[in-house]
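**Student:** Pasting a structure here, questions to come.
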Amino acid sequence: MKKFKLLLIGILLSTSFATFAQQTVRGVVKEQSSGEILPGVSVVVKGTTRGTETDFDGNFSIERVNTGDVLVFRYLGYANKEVTLGTNFNLTVLLEESSEQLEEIVVVGYGTTTVKDATGSVEAITAKEFTKGNIVTPENLLSGRVAGVNITTSGAPGSGSQIRIRGGSSLNASNDPLIVIDGLPLSGINLSSINPNDIESFSVLKDASATAIYGSRGANGVIIITTKKGRSDYSLDYDFQVAFGEIKDRINVFSADEFRNIIAQQRPQDVGLLGSANTNWQDEVLQKSVSTQHNLSVRGQVFNRIPTRLSVNFSEIEGNILTSQFDRANVSLSMNPSFFDDHLKVSLNYNRAFVNSRSADAGQINAALRYDPTQPVYDSSSPFGGFYQHINRTPGGILIENGTRNPVAALLQNNNTSNTFRQFGNFKVDYKLHFLPEVTATFLVGFDKSTEEGSFFNPLNSPANYTDLFVGAEGTFLNEFNNENLDAYLNYTNTFGKVKLDAMVGYNYQSFNGSGNNTGNLRNPNDAGFTTYTNTPVVLIGFIGRTNFTFNEKYLLTLNYRRDGTSRFGPENRWGDFGGAALAWRISDEDFLKDSKVFSDLKLRASYGLNGQQEGISGDLYLDRYRFGNQGSGYIFGGNPIQSTIPSERSNLRWEDVATIEVGVDFGLFDNKFTGSINAFQKNSTNLISDAPVADGSNFTNRVLQNIGDLQVNGLEFSLNADLVRTEDMNWNFNFNATYLDREIKELALGQDITVGGIAGGTGNFIQLFREGFAPNSFYVFKQLYDNAGNPIEGAYADLNGDGIINTQDRYLKGNPQADFTFGFQSNFNYKNFDLAFNLRASVGNYVYNNVNSSLAQYDLLQDNAVLGNIPTSVLDTNFNSTSDVIISDYYLENASFLRMDNITLGYTFDRPIKKFASNSIRLWAGMQNVFTVTNYSGLDPELAGNGIDNTNYPRPRTFLVGANIKF
């Protein structure tokens, strides 16, 4: 009995010791150099699949661990770290920076992955890799940074950008990528009211296997924006910058004295119309600008429980055309607590933006080119606000002479303003089931609502004839837009031996509504008066699914599926099925390569996917729609006049389909000192939506939107990241990317050409064409003939078809606005407390049609209707007289290849200048935006948004910047 009792006591004691030996380890992970907490760090018990990730506060906890267990910590850009557990189960872990990038967290549609596990063409750009400089809108943080992504922004303050991923995939529907911010898909590219300082990272999804999860909206690529979130550690950041901008370049026109001479030579009968002033009208309509930006952000815990971030931004951006102004105020709030040992995570994001802007008509730059330089800006005897105008005083009163009007007056006397209030945000709940922790349920609701109120005003002393019915203009308008989104999905993650499974199913609902009104011109008695509109609501519904399989950490398979429905199309075409598949093989983990001293990482990828396209078209084209006829168009019914109604065209549209096949290689060399990727892809767009002719009598108009053709895009992409130097005192890294694109229209309805690209100079002229076998928007021109001295002969063109007649059959296609090759280069250099960064971009093979010269540089235009008008001095190179004889000539089509330095910045950081605080720094910096451009293009700027026609464009200024970043 005694021995039995001793045995029982021994068993109980050993059991107790074993029980007490198993503990819960908790801790926080921070960056070693700065002490910043690190969210999203992978923490795994070595040799097992048990682990977790640090939350937004850098905290983690793992249950059932023993003394002697080894924890492995992995995080993007930091060296892996192993910690052996002893008697301390409350850890503070410090990670050192490293060139290792394979564990980088990449946000993808409805989830995340890592660079190591990514099977599609996805690129993540974090804050430390952003483009620097005078960044007013978020998309410019990516400029020149990602292969295959081209961002073009005009010089107008706060202007939006044209973003193209792999050249787009449509002809007449939208070519804009889908923008998703914190899980909320936006409508179009509307980022001017978003504070760039709130952006944490971008994920760019390029191939169809990655974008297929967004179905009918992923055809042009997807850009996922993640904003900065709250943390438990307190921090305060204040950023300030001031920018001094000036448009340096001018279009060469005749000076006042030169103009007097040319008039004496070409139009001696009009010498009497010349004035005595010497006015440079381009200098008069352009101005130097001073702009400021303030950003203040605070992070910390509310009630010692809720990680929170609050930020405020004030931007006052002055434009470089008279009266142009863009002012923005932003407030953003992020709260992201977690409960029940991180089983329940809640995220709240809310943003408010107030944008006040005054727009300036960029067309007045063209008016400045035309206005007589011998006339003054002001005239004390002028009844039109003291501004000089060409007038004729008659016994009945004053008549404005027919011709270009004073551009300074046109800017200063026009007050076109808008005030926009925008609010957007979302509420997200992630719940990891207690009874089944492999399953996480996610629910997200979001909204984006904006209200724009605007007015236009011209004073009563605006130019007008005494015979005019009204003077000037006055009115208001209102536009309201609402975007609502709901996501619900389940995610299942588990490991079965060597197989890791990650599966997701979900549902998405999104609706778009818009309405507004316009008073019209209240001074015009013949104006239509107060009108209202309500857009046809658009509803999108999607059922989604994705599965990721990983076998032996080397072989990866991703499958995506989405069934989409849209109210934009009729019932018979409303639903579509989209999906993709991607395979990846981590060759570097194979036995024959894993010990290689050259290849530290090597992964082969292949993918195929099908996307849809339905953006950029109205939501009511399939409906029977009617509009009222003119006031004088009606009929008598019952003795009463009834205004007529006219049926509008109908379009029985369906989805554009975009299928993409791609192969790619991701590589890392010499312990990932050099990393990069190579991608080759082909996109085939079918059922293209285009505004094309229809047979007479078959519809209510002669052109309607139709699904009429096919487009193919072939491309190659290369990117390289290099950590050239990494020592205690000095770091130097760079990114280089290159893209080749070849776009070709494969099929159009009935093989018929479609004319596009309307131009100034005459009526009804066009300069571009959609034609089978050529790139979209190819330029359609006559081949110019030259004399023996190499001078162009006016109106002399090559008879390309040899029929002895020069007509439209002799026009040919030459070049297109799309570059064959684009390049980006970003360098970041740090030496002790100094930092130097710059960005270069290049474009090769893009053509621009110089519509400024083609429509203005002819001697006949020295007569501007009833007055004299200036013209570009390029007329001296051609001696052309008549616009109509030369406007379609390929002489005005120029190779606009360029090399541009977008920005350069130099900074110095003072560490702990205020000794009272444990952690603080002040960085002072200076820089320049739009540093230089090397090009043979004769116009102001070779880089144009749109279709490559240079006519009325807001020039980009050169900007000098100084700023300070203060951190506590």
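Sequential numbering of the sequence shown, starting at 264, is according to the working numbering.
In this text, a Cβ means the ideal position worked out from N, Cα and C, and glycines have one as well.
Note that this is a predicted model, so its numbers are computed, not measured.
(1) Write down the C-beta distance between Y1171 and N1091 rounded to the nearest angstrom, noting that I regard them as a contact closer than 8 Å.
(2) So, with DSSP's three-state summary, where would you put W838?
(3) If you draw a straight line from the alpha carbon of L820 to that of A766, how long is it in whole angstroms?
(4) By how many angstroms is the C-alpha of A482 removed from the C-alpha of G431?
(5) Tell me E749's beta-bridge partners as DSSP assigns them.
(6) Could you check whether S881 and G939 sit closer than 8 Å to each other, using their CB atoms as the reference points?
(7) Taking only runs of the alpha helix (DSSP H) that begin and end inside the segment 432-520, which ones reach a length of at least 4 residues, in chain order?
(8) Using 8 Å as the Cβ pair cut-off and three pairs as the minimum, do the segment 541-550 and the segment 633-646 touch?
(9) How about the segment 863-871 and the segment 463-480: do they share at least three Cβ pairs that are nearer than 8 Å?
(10) Of all the alpha helix (DSSP H) runs that stay within the bounds of the segment 970-1056, which reach a length of 4 or more residues?
(11) In terms of alpha-carbon separation, which member of Q286, Y341, V328 lies closest to G303?
(12) What does the Cβ neighbour count give for E816, buried or exposed, with the cut at 16 atoms within 10 Å?
(13) Using only CA atoms, which one of R408, N754, T829, Q686 lies nearest to L916?
(14) Beta carbon of G290, beta carbon of N353: below 8 Å?
(15) Along the chain, where does the alpha helix (DSSP H) containing S1118 start, and where does it finish?
(16) Determine the closest residue to Q877 out of G783, G451, N1133, G931, with distance taken between C-alpha atoms.
(17) According to DSSP, which residues form a beta bridge with R1104?
(18) In whole angstroms, what separates the C-alpha of K763 from that of A844?
(19) At a cut of 8 Å, does the segment 560-573 reach the segment 486-500 through at least three beta carbon pairs?
(20) Among the residues of its own chain, which have a CB less than 8 Å from the CB of F1195, if the five just before and after it don't count?
(21) If you count every other CB in all the chains shown that lies within 10 Å of the CB of F930, and 16 or more means buried, which is it?
(22) Looking at the structure shown, is G1226 part of a helix, part of a strand, or coil, going by DSSP?
(23) Classify P1220 as buried or exposed, calling it buried when 16 or more other Cβ atoms lie within 10 Å of its own Cβ.
(24) What first and last residue would you give for the beta strand (DSSP E) that runs through S587?
(25) To which residues of the same chain is D790 closer than 7 Å at the C-beta, ignoring the five residues directly before and after it?
(26) Could you please give me the residues that DSSP links to P570 through a beta bridge?
(27) State the beta-bridge partners of E345 as determined by DSSP.
(28) According to DSSP, is G875 helix, strand or coil?
(29) Tell me which same chain residues have a C-beta within less than 8 Å of the C-beta of K395, skipping the five on either side of it?
(30) What separation, rounded to the nearest whole angstrom, lies between the Cα atoms of L1124 and R429?
(31) Buried or exposed: where does E1157 fall if 16 or more other Cβ atoms within 10 Å of its Cβ makes it buried?
(32) Closer than 6 Å by C-beta to T714: which residues in its own chain qualify, once you throw out the five before and the five after it? Chain order, please.
(33) Leaving out five residues on either side along the sequence, give the residues of the same chain with a beta carbon under 7 Å from the beta carbon of D852.
(34) Where does the unbroken beta strand (DSSP E) through L675 begin, and where does it stop?
(35) Should L741 and G779 be called a contact, given that it needs their Cβ atoms to be closer than 8 Å?
(36) Measuring straight from C-alpha to C-alpha, what distance separates L803 and P1039?
**Tutor:** In this structure, then:
(1) As a first step, residue 1171 is located in the sequence shown; it is residue number 908 there, counting from the start. As a first step, residue 1091 is located in the sequence shown; it is residue number 828 there, counting from the start. At roughly 15 Å, the Cβ-Cβ gap does not stay under 8 Å, so Y1171 and N1091 are not in contact.
(2) Residue 838 sits at position 575 when you count from the first residue of the sequence shown. Judged by DSSP in its simplified three-state form, W838 adopts strand.
(3) Numbered from 1 along the sequence shown, position 557 holds the residue referred to as residue 820. Numbered from 1 along the sequence shown, position 503 holds the residue referred to as residue 766. Approximately 12 Å between the Cα atoms of the pair.
(4) Taking the sequence shown and counting its residues from 1, one reaches residue 431 at position 168. Taking the sequence shown and counting its residues from 1, one reaches residue 482 at position 219. Using only the alpha carbons, I get a separation of about 8 Å.
(5) Within the sequence shown, residue 749 is the residue found at index 486, counting from 1. The identity of residue 749 in the sequence shown is Leu, whereas the question assumes Glu. Per DSSP, V708, Y772.
(6) Here residue 939 refers to the residue found at position 676 when the sequence shown is read from its first residue. Here residue 881 refers to the residue found at position 618 when the sequence shown is read from its first residue. The Cβ-Cβ distance between G939 and S881 does not fall below 8 Å.
(7) 471-474
(8) Enough Cβ pairs lie closer than 8 Å, so yes.
(9) Taking a cut-off of 8 Å for Cβ pairs, the segment 863-871 and the segment 463-480 touch, as three or more such pairs fall below it.
(10) none
(11) One-based indexing of the sequence shown puts residue 303 at position 40. Ranking Q286, Y341, V328 by Cα distance to G303 puts Y341 first.
(12) As a first step, residue 816 must be located in the sequence shown, where it is residue number 553. Exposed is the call here.
(13) Here the question's residue 916 lines up with position 653 in the sequence shown. The shortest C-alpha separation from L916 is found at T829.
(14) Counted from its first residue, the sequence shown places residue 290 at position 27. Counted from its first residue, the sequence shown places residue 353 at position 90. Cβ atoms of G290 and N353: closer than 8 Å.
(15) Position 855 of the sequence shown, counting from 1, holds the residue named residue 1118. Here the alpha helix (DSSP H) through S1118 covers 1114-1119.
(16) Here residue 877 corresponds to residue number 614 of the sequence shown, with the count starting at 1. Comparing Cα positions, the closest option is G451.
(17) In the sequence shown, counting from the first residue as 1, residue 1104 sits at position 841. DSSP, once it has assigned bridges, lists G1087, R1163 as partnering R1104.
(18) Here residue 763 refers to the residue found at position 500 of the sequence shown. Here residue 844 refers to the residue found at position 581 of the sequence shown. Rounded to the nearest angstrom, the two C-alpha atoms are 17 Å apart.
(19) yes
(20) Working through the sequence shown from its first residue, we reach residue 1195 at position 932. Contacts found: R1163, M1164.
(21) Reading the sequence shown from its first residue, position 667 is the one you call residue 930. By the 10 Å Cβ count, F930 comes out buried.
(22) Here residue 1226 refers to the residue found at position 963 of the sequence shown. If DSSP states are grouped into helix, strand and coil, G1226 belongs with the strands.
(23) Position 957 of the sequence shown, counted from the start, is the residue given in the question as residue 1220. The residue is buried, with at least 16 neighbouring Cβ atoms inside 10 Å.
(24) On the sequence shown, position 324 is the one that residue 587 refers to. Unbroken run through S587: none, as it is neither H nor E.
(25) Against the sequence shown, residue 790 aligns to sequence position 527. The residues are G783, N784.
(26) Taking the first residue of the sequence shown as 1, we reach residue 570 at position 307. Paired residue(s): Q564.
(27) Indexing the sequence shown from 1 puts residue 345 at position 82. V335, per the DSSP bridge assignment.
(28) In the sequence shown, the residue the question calls residue 875 occupies position 612. If DSSP states are grouped into helix, strand and coil, G875 belongs with the strands.
(29) Here residue 395 refers to the residue found at position 132 of the sequence shown. So the list reads A1100, N1102, N1166, T1168, G1190, once near-sequence residues are dropped.
(30) Along the sequence shown, one-based indexing puts residue 1124 at 861. Along the sequence shown, one-based indexing puts residue 429 at 166. Whole-angstrom Cα-Cα distance: 41 Å.
(31) Position 894 of the sequence shown holds residue 1157. It is buried - the Cβ of E1157 has at least 16 other Cβ atoms within 10 Å.
(32) Sequence index remark: in the sequence shown, residue 714 carries index 451 (1-based). The beta carbon of T714 is closer than 6 Å to those of F684, E743 in its chain, skipping five residues each way along the sequence.
(33) Stepping through the sequence shown from its first residue, residue 852 is reached at position 589. So the qualifying residues of the chain are E816, K817.
(34) Translated into positions along the sequence shown, residue 675 becomes position 412. For L675, no beta strand (DSSP E) encloses it; the enclosing alpha helix (DSSP H) starts and ends at 670-675.
(35) Within the sequence shown, residue 741 is the residue found at index 478, counting from 1. Within the sequence shown, residue 779 is the residue found at index 516, counting from 1. Yes, they are a contact pair.
(36) One-based indexing of the sequence shown puts residue 803 at position 540. One-based indexing of the sequence shown puts residue 1039 at position 776. If you take the alpha carbons of L803 and P1039, they lie about 29 Å apart.
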